[in-house]
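**Q** In our numbering, the protein residues as written are -16 to 273.
No residue lacks a Cβ here, since even glycine has one placed at the ideal position from N, Cα and C.
It should be emphasised that the depicted structure is a prediction, and the values quoted were computed from it without experimental measurement.
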Amino acid sequence: MPNYRTTSLPDGIRVTKIMSLFTTCFDCATLIKNRRESYPFWAMIYTVKGGVTFRIGEELYRVRAGEIIFYPADLPHSIVDTDEKSWEVSFVTFQCEGSHIPSLAGRVFVPDGSVADRIRSLFRFGGKYFYNLPPKSGKTVGMYCRAGELELMRIKSELEAIIARLCLSLSRKRSERRSEVFNSAIEYMGEHLGEPISLDMLSREIGVSVSTLKKAFQKESGGGVNSYYIDLKLSRAAKMLCESDMSVGEISEQLGFSTQFYFSEQFKSRYGVSPLVYRKQQEKGCLEFL
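#1: Residues bridged to Tyr245 by DSSP?
#2: Please go through the stretch 161 to 198 and give each complete alpha helix (DSSP H) segment of 4 or more residues, from N-terminal end onward.
#3: Once DSSP output is grouped into helix, strand and coil, what is the label at Arg18?
#4: Looking at C-alpha atoms only, which residue of Leu58, Ala199, Ser69, Leu182 is the closest neighbour of Ala88?
#5: On the three-state DSSP scale, how would you describe Gln264?
#6: Classify Val260 as buried or exposed, calling it buried when 16 or more other Cβ atoms lie within 10 Å of its own Cβ.
#7: Under DSSP, the beta strand (DSSP E) around Asp278 begins and ends at which residues?
#8: Under a three-way DSSP split, which group does Met136 fall into?
#9: For Leu142, is the classification buried or exposed, using 16 other Cβ atoms within 10 angstroms of its Cβ as the cut-off for buried?
#10: According to the Cβ coordinates, are Thr65 and Cys8 closer than 8 Å?
#11: Relative to the C-alpha of Ser162, which candidate in Glu134, Leu196, Tyr22 has its C-alpha closest?
#12: What residue range is occupied by the uninterrupted alpha helix (DSSP H) comprising Ala220?
#13: Specify the secondary structure class of Leu58 as computed by DSSP and reduced to three states.
#14: Give me, in chain order, the residues of the same chain whose beta-carbon lies closer than 6 Å to that of Gly34; leave out the 5 immediate sequence neighbours on both sides.
#15: How long is the line joining the alpha carbons of Asn(-14) and Lys0, rounded to whole angstroms?
#16: Note down, in chain order, each residue of its chain lying with its Cβ closer than 8 Å to the Cβ of Gly239, except the 5 sequence neighbours on either side.
#17: Arg253 bridges to which residues according to DSSP?
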């Protein structure tokens, strides 16, 4: 584990308290399954060996060796089933602050090599400072932490860094997803420039919600879906004015504009001149606008 350092995170992710931290092996035959529990703190579970299916809220999640899942605070959870005879797991419960923390709830992560190494180092180091209190009436009543202030700060800092890396990974995946949605949408638009396309229809065609579609266009183009579709039509119109002898009315009709006047109005708004003037200006050398 790297030496302790203060972790500066842009969204203010902060681990305020650690209740428990340990690695243990469970005999799956004796695990109590389907017992619903909830706690006023978060938990990060890293499966070292075996596999397990959790229920968090009403959703099921299967976690295999090398994967992580987070229990959110105050949401009922339980173990539904296990894959093998034993299950080895590293487990940390904590309280935290940060606007991105809720995005981790009920998500299964496959950490890359550097994050996985950091997780293992966290439990190797932190596990030395947490141990069970003596049983009372056959039940473990809690964990005791004998870490000093510096050791505890180091543990918190490492956990913050792990959480930050996972939040960043999730953000990147969402960004990649938005790019896929955007590219799929403009490909469909380009193939149907002469047809009326509504948000509902486009979202159904590419298999996403209207909200996801809008967010993808806002992120990638800085504007709305309809305005982008009009821009695609106008770009195609500029190309047709250069490369064909079709009339302005024919171009307007082929590209699905409601009227020639509306088409000319939109074209002038983008290019600064009417379609006829634009054609004349480009007669000696059409520019490619697509």
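**A** A quick look at the data gives this:
#1: Tyr245 pairs with nothing; no bridge assigned.
#2: 182 to 189
#3: Reduced to three states, the DSSP call for Arg18 is coil.
#4: That would be Leu58, whose Cα lies nearest to the Cα of Ala88.
#5: helix
#6: exposed
#7: Because residue 278 is not part of the residues shown, which for the chain are -16 to 273, the question remains open.
#8: helix
#9: buried
#10: no
#11: Leu196
#12: 208 to 226
#13: coil
#14: Once the five neighbours on either side are set aside, the close Cβ partners of Gly34 are Arg47, Asp66.
#15: Note that Asn(-14) scores 41 on pLDDT, short of 50, meaning its location in the model is unreliable; the coordinates nonetheless yield the value given after this. Computed Cα separation, rounded: 20 Å.
#16: Leu176, Gly177, Glu178, Pro179, Lys216
#17: Its beta-bridge partners do not exist; DSSP assigns none.
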